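Residue numbers (our numbering): 1438 to 1660.
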């Protein structure tokens, strides 16, 4: 039952991501159409290909012109707190789900001492990243929440394999669950074949997965 609930929640996040992306595209398209009508008719452009649409959706932040400067808005600071709390809650949920699935799969690998704290810290760091990236790409405070659901579009509707894996490493709380799984596999392998300290390998692998996910996500979204 818990696995079914987790699958339903993940699916809802995916649908929300696709819907939110569609909403933003429609919103920006309507704003662009209003400004074109005020400026007069322009030559009709050819219909963009999927590749062009994907490239347009990733327009560098520095080229965007907007009046919304996120760090000057009180709503952004409030939103950041909300996003961090949601990210931490998602990370802890991922830890609970990993513990449940390890029991179902008969894999004896509980989180090491301090593991829940590590998950909470990772969730908080991701929350800050989501807040900054969302603020950089936002035209108003509502759009700053897009990073919480936007990466699910890369999972459910990827343009290539890179998009899919980037979605796995950046969509909350799937990214934390992937990090836990990678750390568990690395820890078990290192303990059985190398005699290494399981907890140390777990923290190293988990931290590396989180780091790669953040760098990959931030460089694609902010630059």
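Yeah, the Cβ is synthetic: ideal placement off N, Cα and C, and Gly gets one too.
All values derive from a computational prediction rather than experimental measurement.
- For residue 1622 and residue 1509, the gap between their C-alpha atoms comes out near 44 Å.
- The C-beta of residue 1610 has 16 or more other C-beta atoms within 10 Å across all chains shown, which makes the residue buried.
- The way I'd put it, the region 1627-1636 doesn't touch the region 1580-1587; fewer than three beta-carbon pairs between them come closer than 8 Å.
- For the 9 Å CB-CB criterion, residue 1560 and residue 1535 do not form a contact.
- One alpha carbon belongs to residue 1652, the other to residue 1568, and they sit about 15 Å apart.
- C-alpha of residue 1643 to C-alpha of residue 1579: approximately 31 Å in a straight line.
- Around the beta carbon of residue 1514, fewer than 16 other beta carbons lie within 10 angstroms, which makes this residue exposed.
- Scanning 1654, 1626, 1614 for the CA closest to the CA of residue 1537 turns up 1614.
- Going by C-alpha positions, residue 1655 is about 11 Å away from residue 1603.
- Around residue 1638, the same chain offers 1623, 1624, 1627 as residues with beta carbons nearer than 6 Å, after the five sequence neighbours per side are excluded.
- Rounded to the nearest whole angstrom, the C-alpha separation of residue 1519 and residue 1576 is 19 Å.
- Residue 1600: member of the alpha helix (DSSP H) spanning 1598-1607, first to last residue.
- Put simply, the backbone Cα of residue 1532 is about 7 Å away from that of residue 1556.
- Counting only the Cα atoms, residue 1572 lies some 10 Å from residue 1565.
- Judged by DSSP secondary structure, residue 1513 falls within the alpha helix (DSSP H) whose first and last residues are 1511-1541.
- Annotation: the continuous alpha helix (DSSP H) that includes residue 1559 extends over 1552-1573.
- CA-CA distance, residue 1511 to residue 1530, rounds to 29 Å.
- Annotation: the continuous alpha helix (DSSP H) that includes residue 1591 extends over 1588-1593.
- The C-alpha of residue 1618 is placed about 14 Å away from the C-alpha of residue 1543.
- Going by C-alpha positions, residue 1570 is about 24 Å away from residue 1554.
- In this structure, 1650 is the residue among 1650, 1634, 1541, 1593 with its C-alpha nearest to the C-alpha of residue 1607.
- When the beta-carbon positions are compared, residue 1616 and residue 1647 come within less than 9 Å of each other.
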